[in-house]
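Below is one structure, written out as structure tokens; the observations come after it.
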Amino acid sequence: ARLAVEAAAAAAEEAQWITKSDVPTYKNWINGSFVDSLATSSIPVQNPATQEIIGRVPESTASEVQTALDAAQSAFQEWRHVPIQQRQRIMMEYQSLLRKHTEDLAYWITLENGKTLVDARGDIFRGLEVVETCCNLSDRMMGETLAGISQTMDCTSFRTPLGVCAGIAPFNFPAMIPLWMFPVACTSGNTFILKPSEKTPGASMVSKFIKIMMIIGSHSLSAACRISSKSGTS
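Mapping of the sequence shown onto the numbering used here: residues 601 to 834, in sequence order.
Here it is, written out as structure tokens:
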């Protein structure tokens with residue numbers, strides 16, 4: 601376990617979702633790019649075991665939130681038309697990569713939340729179960745049909761994507777609860793803006809990073825992406 605944590609820590613040092621400094625500031629991921637926030641104030645992220653300040657989360661501005669929203673709305677216009685089978689296949693690869701990088705996620709949870717590595721792995725596994733469900737979501741996307749509700753009328757319903765969804769996650773389950781949110785929303789044809797807890801943003805950053813690195817075709821943690829702590833990702 602110690603070697604796994606050390607390996608994850610070394611990989612995290614290469615992450616591009618944070619600025620390189622003694623106390624790094626987390627970036628936002630908006631419209632496919634890492635973005636330094638325009639915020640003039642930030643919230644410290646502390647290691648609960650040592651009280652050391654290990655990072656800062658920008659209090660991103662309203663205009664940055666709007667930029668993320670606009671990007672998500674634009675992406676939705678195409679994503680909604682991607683067949684459910686293709687969206688499910690993305691989740692099949694995503695769950696595989698989450699398994700592969702469980703130790704990376706567990707490292708961030710332990711660092712920021714204070715859970716033991718065993719508890720951190722359990723946090724990830726409970727979220728992973730939902731991602732596995734998203735690998736076969738098509739039956740839940742089916743509508744209903746009722747023939748002959750009157751002499752000249754049948755009733756047919758369809759389930760269609762809603763649009764841009766958003767989630768605000770708490771600090772106590774940094775991986776599980778975000779993984780309850782955006783995989784279901786995105787597999788259903790929506791786009792998503794996630795605001796992780798400002799106390800434990802790391803797990804959300806890494807789990808979203810894994811999804812992005814799957815798209816760009818790299819399985820190295822030195823690739824990198826960033827999820828927003830105050831605005832979001834689309």
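We put the CB at the ideal spot given by N, CA and C, even for glycine.
Can you give me the Cβ contacts of residue i inside the same chain, cut-off strictly under 8 Å, excluding the 5 residues immediately before and after it?
i    : result
W780 : G727, V730
Counting only the same chain and skipping the five closest in sequence on each side, list residues whose C-beta sits under 7 Å from that of residue i.
i    : result
A775 : L705, I709, D723, I724, G727, A803, S807
W679 : G789, T791
T702 : R721, I724
C735 : Q688, M691, M692, Q695
T661 : L638, A639
P644 : I653, R656
If we count the other Cβ atoms within 10 Å of its Cβ and call it buried at 16 or more, is residue i buried or exposed?
i    : result
A612 : In this prediction, A612 scores a pLDDT of 48, lower than 50, which makes its location untrustworthy; no coordinate-derived value is stated.
I630 : buried
T716 : exposed
A649 : exposed
I793 : buried
K700 : exposed
T787 : buried
M805 : buried
T760 : exposed
Excluding the 5 residues flanking residue i on each side, which residues of the same chain have their C-beta closer than 6 Å to its C-beta?
i    : result
I777 : A769
N713 : P774, T800
L746 : C755
A604 : Below a pLDDT of 50, predicted positions are generally treated as unreliable, and A604, at 45, falls in that range; no measurement from the model is reported.
A766 : I793
May I ask whether a heavy atom of the ligand SAH can be found less than 7 Å away from the beta carbon of residue i?
i    : result
A649 : Of the ligands one can find in the structure shown there are none, so the ligand SAH has no counterpart to examine.
Hey, would you say residue i sits closer than 8 Å to residue j, going by beta carbons?
i    : j    : result
P658 : S674 : no
L669 : V784 : no
L711 : I654 : yes
I684 : L737 : yes
I757 : G748 : For the sequence presented, residue 757 should be read as Ser rather than Ile. Cβ atoms of S757 and G748: not closer than 8 Å.
S750 : F771 : no
When the cut-off is 8 Å and only beta carbons count, does residue i lie next to chain B?
i    : result
Y694 : The displayed structure is made up of one protein chain only, and chain B is not part of it.
Mind listing, in chain order, the continuous beta strand (DSSP E) runs of no fewer than 3 residues lying wholly within the region 727–761? Restricted to the region 727–761, the beta strand (DSSP E) segments that are unbroken, complete and at least 3 residues in length are 745–750, 753–756, listed in chain order.
Quick one: which unbroken beta strand (DSSP E) runs of 3-plus residues sit fully inside the region 757–800? Chain order, please. 764–768, 791–795
Which runs of the alpha helix (DSSP H) spanning at least 4 residues fall entirely within the region 650–722, listed in chain order? 662–679, 684–700, 702–713
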